[in-house]
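Asks: Take this structure, written in structure tokens, and hold onto it; I'll ask about it next.
In our numbering, the protein residues as written are 131 to 230.
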């Protein structure tokens, strides 16, 4: 989802979740939106996933789109290595609320 589309989506909907995902061993962050139907959209630019170098960069872009709350999620590759699905979307197991 492009930034313009995210801003338009936020203006029309109020029941969605934004996740700021960091991968273990990586210094980059990605942002993901999940709507009420369970559809997930990665924040992208020109068709490629957007990568952020710091949480501050993520905050700035999400603020511009009208987002005020998100969850910080640590994606741990251990789950994938042992054949389990990633559990970062489960409540309270690996999410930290962010308010900005």
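Beta carbons: idealized from backbone N, C-alpha and C, even for Gly.
Pull up the distance between the alpha-carbon of residue 140 and that of residue 164, whole angstroms please.
Replies: 12 angstroms
Asks: Are the beta-carbon atoms of residue 256 and residue 179 separated by less than 7 angstroms?
Replies: A query on residue 256 cannot be resolved here, the shown segment of the chain reaching from 131 to 230 and no further.
Asks: What residue range is occupied by the uninterrupted alpha helix (DSSP H) comprising residue 139?
Replies: 133–142
Asks: Please state the DSSP three-state secondary structure of residue 194.
Replies: helix
Asks: Where does residue 181 sit, in a helix, a strand or coil, going by DSSP?
Replies: Note: residue 181 maps to coil in three-state DSSP.
Asks: Buried or exposed: residue 186, going by 16 or more other Cβ atoms within 10 Å of its Cβ?
Replies: exposed
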